[in-house]
Every structure is written in structure tokens, then in C-alpha cells.
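Shown next, in C-alpha cells, is the structure this report addresses.
Numbering (this note's numbering), first residue to last: 36 to 318.
Quick look at the structure:
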């Protein structure tokens, strides 16, 4: 299984290595940061994104259940881990699957069986189960970083944030039934939780910008007045310099580039298969 850390543990000292020139760890300066790209782990995705994900920003995928968010993250994670680079993977929804990793490296076809353990060892898995544990995971994040880390993933940025509000709502209902209502305390709690989410997004944005380590984030959505909106709203929109909306319309999967620093809005029909993600041509 992937390496799971519950405390701060050093994750290596050597420089990261990669066969693809786009994925080499280089000395960082203001000119090279904006030019570096990280492979998406898919030839078709790399072409669509003109080389892959920008290295100095947060890229956020958002969409409904089953739209492919975790698969986009796993493709990039496995691509980096196969090169010997370290990936920090914060999994709040339990979506990380070693079986899916096995498929992505081709082990089910008799290829890469010997690479499976190596790949999983290069993925450092953090699995918070509530918003307090998510805060603790982010508090430790800087301690995990060194030159071997080439990618940070947060799969389910607002899952536990959303549950925190749901738990608080249940508590308010219970208190109201007992005649104990404190609106000031409710407002303070909302402000505190939103401030913590903002702090976490700011932290990973600074890591991406200052250290040149790309960050991939996934986010849930909800419907409001027949419009799809991201949970966390403006907080995630502000800190994410690339936004990709994923849609699964009865098996017809489409990625929409909604925000990017250098590319215009466009769409990408795709298919999820054993070895990853590929372009799908609609008939």
C-alpha cells in the first residue's frame, strides 16, 4: 500500500529525477517558474493543456460524483512516482485506491508488477477524517517538503469543511430544541471555519509559487438556481489559477477549461480506461 504518515517524517534528500525534460526539477527563478510544466500522466491531456499542469499554481478540478476528479489526480501522481519523485496525497474522501494505481502502471496486464511497490512507496498518503485532522495535515505539510517532492494533491478540499458545517447545524438544532440558541457563537464558528480553509489554500498556493511544486485540488459542487457552483465558492476560485470543470453526462465525460493564465476556455471529451485518461471522439 502507499506510505501513510501520521507524524512528520523525512521523505528523502536527493534531487528528484525524471526522464521527461518537462518534469525535471530545476533551479527555480522568476523566469523558469512560469515555463515549467508537470505531466498530467496522459498524452492527450498534455496536448490539451499545452504540456501539462503549470508548476507554480493550484489547479482545481471540480464536478459531481463520478466525474473523474480522482482519476485526474491519480494519473499525475503515478506518472511522478514512476520517475522516482515523491507525491504528497491528502485524501479526505477515501478515493485513493492501490488497485487503481496497479491498473495505471499496467500491472494487471503483466507489465510493471515490480514497479508497484516502488510507486506506492513514493506516494505519501495522509488520510484526515474530520476538519480538525485536515488542519493538522496542513500544519505538517512544510515538514514533508524537500527536493524529492514534485507534486502535492488534495483530493476533496472541501469534503470535511462541508461536514464541519453539517455537524454544527445538527448541534444548533439540538441546542434550539433545548432552548439554547447563541447566534453570535454560530457566526463566530462560520468565520473560523472559513478562515481556516482560506489559510490552507493560501499555504499550498505559496508552496506552489515559491517552491515550484504544482498542486492539484479536487472540489465538490452543488446546484443553486439551476447553476453548478463550487463548495467553498470564492475561496477556492481566488487561490486556484487554473479551474477545470468535469462533467459526466450518462457516461459522456467532458473536461472544461474554465480558467487559465495563458489558454482560452475550451473543452476536452475524454474516456477513463485501465491505463489512465485518453481523448474520446464523439460520434
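Each residue gets a CB set at the ideal place from its N, CA and C atoms; glycine is no exception. These numbers were taken from a predicted model, which means no experiment stands behind them.
Query: Considering just the uninterrupted stretch of the alpha helix (DSSP H) at residue 171, what are its terminal residues?; Result: 166 to 179
Query: Mind checking whether residue 250 and residue 98 have CB atoms under 9 Å apart?; Result: no
Query: Report yes if the CB atom of residue 313 is closer than 9 Å to the CB atom of residue 306, and no otherwise.; Result: yes
Query: State the Cα-Cα distance for the pair residue 173 and residue 89, rounded to the nearest angstrom.; Result: 22 Å
Query: For residue 94, does the three-state DSSP call read helix, strand or coil?; Result: strand
Query: Rounded C-beta distance between residue 126 and residue 160? I'm assuming under 8 Å.; Result: 6 Å
Query: Going by beta carbon distance, what residues of the same chain come within less than 6 Å of residue 130, once the five residues before and after it are set aside?; Result: 105 and 190
Query: Does DSSP put residue 159 in a helix, a strand or coil?; Result: strand
Query: Are the beta-carbon atoms belonging to residue 248 and residue 107 less than 9 Å from one another?; Result: no
Query: Determine the closest residue to residue 101 out of 311, 304 and 281, with distance taken between C-alpha atoms.; Result: 281
Query: Looking at the structure shown, is residue 325 part of a helix, part of a strand, or coil, going by DSSP?; Result: What is shown of the chain runs 36 to 318, which leaves residue 325 out entirely.
Query: State the Cα-Cα distance for the pair residue 85 and residue 302, rounded to the nearest angstrom.; Result: 13 Å
Query: Where residue 192 and residue 253 are concerned, what is the direct C-alpha to C-alpha distance, given to the nearest angstrom?; Result: 6 Å
Query: Note down, in chain order, each residue of its chain lying with its Cβ closer than 8 Å to the Cβ of residue 198, except the 5 sequence neighbours on either side.; Result: 165 and 166
Query: I'd like the list of long-range same chain contacts for residue 170, defined as Cβ closer than 7 Å, with 5 residues on each side in sequence excluded.; Result: 231
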